[in-house]
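Each remark here refers to the structure printed beneath this line.
Residue numbers (this note's numbering): 3 to 426.
What follows is the structure, encoded as structure tokens:
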């Protein structure tokens, strides 16, 4: 078993990074070389802007290469709860932004010729308990009528042709998609560089200050200045970006990938070949990979750190979870096990905008694979003086009281949600 991201291990390595020191002045500097930062860099460079990307590791090293490979439309919340908290207008705008995000990726992949196995698969939100199906049905009725007619409510009987596991029904979101995340991020970086963006890998930002209207950034490879800065660091935001650290909670998320399954095993497991998410608070998400592996993830441990030791322990928990849902795969070999950090906000709504001279997009709360590319392009357009299409503009983002960026409270949060799953 490899303790490495399947997406990283089965994708071409980006080779277009800039060599030599980090130096010079740019129209825009982007901190973070994941989907958000690379999409923004490509958009800016296409418009003729002089843009540089500063990535502390390698492009796609963070959440962009450590996720489950889903491109699901819809929010981290149910539509009903989002409407209750944000109001109908904002909830609809956010929901449609997720729809637009999948469209944006589909169009970008086609335009740049990125070979990443993009496919409109549809997503199943699976009811783990009978009462969960009742809640899913209520949400479906409002969502289908007010926002997304490309949805369907499936009974337990309907699910038999989709998945061989005893769930109690599901909502099908037909717009949702999937792709190979490693191939996509390498292709996106290559496209950004081809359009003129300068991408510096292994260039961690250690300090930032503003002198007049100009930003000066110090990195591990030199200094650089810019008229505009976009922070796209998510769960890997460093202490020198304290405003964001006080608002982002980094939560561990862990994933395993089986050996390639036979056609018979797929028919007996997931013949529908969609992305799937269960309805538990500490639930699971899964899909088949392009080479027929079952990729199975979840919050195996509420840890703010991720290393090979915690990945291995979490892999054992996930393997037990896989066996519970698919007993027919209980003894299947696990080829990959990896972990990463998810950037959560207190209310689980993402944030993007402009604060104290800096642009930012983060807090995707488990839905960043699809939204990040779109928001990166939207913010790039705003930086260029084009129409501001940011669906999150004006959404308040208070700091978490008593919090400085180290989520000491996560074990208690995990115990709370485990208790809820037992009684609800």
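Backbone N, C-alpha and C define an ideal beta-carbon position, used for all residues, glycine too.
Note that the structure is a prediction, hence the values are computed from the model and not measured.
**Study point:** Alpha-carbon to alpha-carbon, residue 278 and residue 170
**Key:** In a straight line, the C-alpha of residue 170 is about 14 Å away from that of residue 278.
Review point. Contact check, residue 281 vs residue 138 under 8 Å by CB: the rounded distance?
Key: About 7 Å; that satisfies the 8 Å criterion.
Review point. Alpha helix (DSSP H) containing residue 2: first to last residue?
Key: The displayed coordinates of the chain run from 3 to 426. Any statement about residue 2 would go beyond what the structure contains.
Review point. Among the residues of its own chain, which have a CB less than 8 Å from the CB of residue 188, if the five just before and after it don't count?
Key: Cβ neighbours of residue 188 beyond the five flanking positions: 13, 14, 15, 16, 61, 62.
Review point. In its own chain, which residues sit with a C-beta less than 8 Å from the C-beta of residue 247, not counting the 5 before and 5 after it?
Key: For residue 247, the CB contacts under 8 Å within the same chain, skipping 5 residues up- and downstream, are 239, 240, 241, 406, 407 in chain order.
**Study point:** Inter-residue spacing [alpha-carbon to alpha-carbon] between residue 197 and residue 333
**Key:** Their Cα atoms are separated by approximately 47 Å.
Review point. With a CB to CB cut of under 6 Å and the five nearest residues on each side skipped, what residues in its chain are close to residue 212?
Key: Closer than 6 Å at Cβ, skipping near neighbours: 359.
Exercise for review: Give a yes or no on whether the C-beta atoms belonging to residue 72 and residue 287 are separated by under 8 Å.
Suggested key: Contact flag set, yes.
Review point. Between which two residues does the alpha helix (DSSP H) containing residue 46 stretch?
Key: Where residue 46 is concerned, the enclosing alpha helix (DSSP H) stretches over 37-48.
**Study point:** Endpoints, beta strand (DSSP E) assigned at residue 2
**Key:** In this structure the chain extends from 3 to 426, so residue 2 is not present and cannot be described.
Review point. Smallest Cα separation from residue 120: which of 106, 219, 207?
Key: Here the closest residue by C-alpha is 106.
Practice item. Please name the residue or residues paired with residue 173 in a DSSP beta bridge. Key: According to DSSP, residue 173 bridges with 127, 155.
Point to revise | Closest residue to residue 127 among 75, 88, 206, 262 (Cα-Cα distance) | key: Looking at the Cα atoms, 75 is the closest of the given residues.
Point to revise | Alpha carbon of residue 382 to alpha carbon of residue 252, nearest angstrom | key: A direct Cα-to-Cα measurement between residue 382 and residue 252 gives close to 25 Å.
Point to revise | Assumed close pair residue 41, residue 375 - CB separation to whole angstroms, cut-off 8 Å | key: The Cβ separation is near 4 Å, so the contact holds.
Point to revise | Secondary structure of residue 24, DSSP reduced to three states | key: Three-state result, residue 24: strand.
**Study point:** Supposed close pair residue 77, residue 100 - CB separation, criterion 8 Å
**Key:** The distance from the Cβ of residue 77 to that of residue 100 is about 7 Å, consistent with a contact at the 8 Å cut-off.
Practice item. Would you check if the distance between the CB atom of residue 299 and the CB atom of residue 268 is smaller than 8 Å? Key: Contact annotation: residue 299 and residue 268 have beta-carbon atoms that are not nearer than 8 Å.
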